[in-house]
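Residue numbers (the numbering used here): 812 to 1111. Ideal Cβ positions, reconstructed from N, Cα and C, are used throughout, including at glycine. Model, not experiment: these values are computed from the prediction. Single-structure report; data block below.
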Amino acid sequence: MANVFSRPVPQTQEYTATVEAEVKNNIAPHTPVRIDRILVEVGDRVSRGQKLVQMDAANLKQLKLQLDNQEVEFQRIDELYKVGGVSKSEWDASKMTLDVRKTSYENMLENTALLSPINGIITARNYDNGDMYSGGNPVLVVEQIAPVKVIINISESYFTQIKKGAQVSVKLDVYGDEEFMGKVNLIYPTINPATRTFPVEIYLENRDLRVRPGMFARVTVNFGTINHVVVPDQAIVKQAGSGDRYVYVYDNGKVSYVKVELGRRMDTEYELLSGVGNNAQVVIAGQARLFDGTEVEVEK
């Protein structure tokens, strides 16, 4: 026999997920054009605003010439308009043409020198110098991996217990039992009715860049403590032919066969979510010789 009591039990759950980049950008021109030169390689660290790819500039040069000519023409029209030599409608038409040429040139400029929109690492290169880009795969992929994130799906029963900013433990299979600390960055506000879960986004700062997108992660979340009865594992009896678990509880010279709901296993003990009250006596040996209502004598 063993006396069992209610005590605070940490409510921790483990979730599995795949590490993702915080931001992932596909680098490609807006329109088909020949690639003049790719300036980076896979694995290179790049800075925001850094030029990554130089596309063919023939069309850009042509647009620049047209823009320069239109600027000269507009200056001429503007001077004439000031002295009454042309109408307001002619001035408006020349100004509109100049604005269109400027917009076309700026768009082509963006389409010719491809810049990195973030600080990150080049994770894919799909073309070589001289290739014709015609759509499909981007020329390059750049990912921000400091921080990285993992998204886990938590049961709705914990919806009120998870808080933004809470710390969590993250282990990566590639690093064994080494523990990385993350924090809750985003809690999705709705429950998936099919799975009864809600997504939670975990951030890892990853300043040393050891954690990479695609790694398999195990996230442990602590939801605080709840007072539950804890019993020795020897007290648990599995009913043959089912997944139900039972405990023999002693009271007034007899034992009762009580169905229990198990929580966490903690070394040689089990947390019970239901079935056994505080300060009960449970049988921890010889259960095979017992049945519900058996009279027993407790040895002193």
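Problem set entry | Residue interval of the beta strand (DSSP E) (run including Y969) | Careful: Y969 lies outside any beta strand (DSSP E) and carries neither H nor E.
Exercise. With a Cβ-Cβ cutoff of 9 angstroms, do T934 and E954 count as a contact?
Worked result: yes
Problem set entry | As assigned by DSSP and simplified to three states, the class of K1049 | strand
Exercise. Relative to the alpha-carbon of A813, which residue among S915, I929, V1041 has its alpha-carbon at the smallest distance?
Worked result: V1041
Exercise. If we count Cβ pairs, one from each stretch, closer than 8 angstroms, do we get three or more for the segment 881-899 versus the segment 818-828?
Worked result: no
Exercise. For K875, which three-state DSSP category applies?
Worked result: helix
Exercise. Does DSSP classify F1102 as helix, strand or coil?
Worked result: coil
Problem set entry | Contact belief for N837 with V979 at Cβ below 8 angstroms, rounded distance in angstroms | Rounded, the Cβ-Cβ distance is 30 angstroms, inconsistent with contact.
Exercise. Does the distance from the C-beta atom of H841 to that of E921 stay below 9 angstroms?
Worked result: yes
Exercise. How about E1012 and V961: are their beta carbons less than 9 angstroms apart?
Worked result: yes
Exercise. Of the choices V864, G941, P1010, K975, whose alpha-carbon is the least far from that of T827?
Worked result: P1010
Exercise. Once you ignore the five residues that flank V1087 on each side, which residues in its own chain have a CB closer than 8 angstroms to its CB?
Worked result: V815, V1040, V1042, V1058, V1060, V1069, V1071, V1093
Exercise. Do you know offhand how far V857's Cα is from L909's?
Worked result: 35 angstroms
For this session: Measure the CB-CB distance between Y944 and M866 and report whether it falls below 9 angstroms.
Result: yes
Problem set entry | Assigned secondary structure, S927 (DSSP; H/G/I helix, E/B strand, else coil) | coil
Exercise. Does the segment 1018-1029 come close enough to the segment 981-991 to have 3 or more Cβ pairs within less than 8 angstroms?
Worked result: yes
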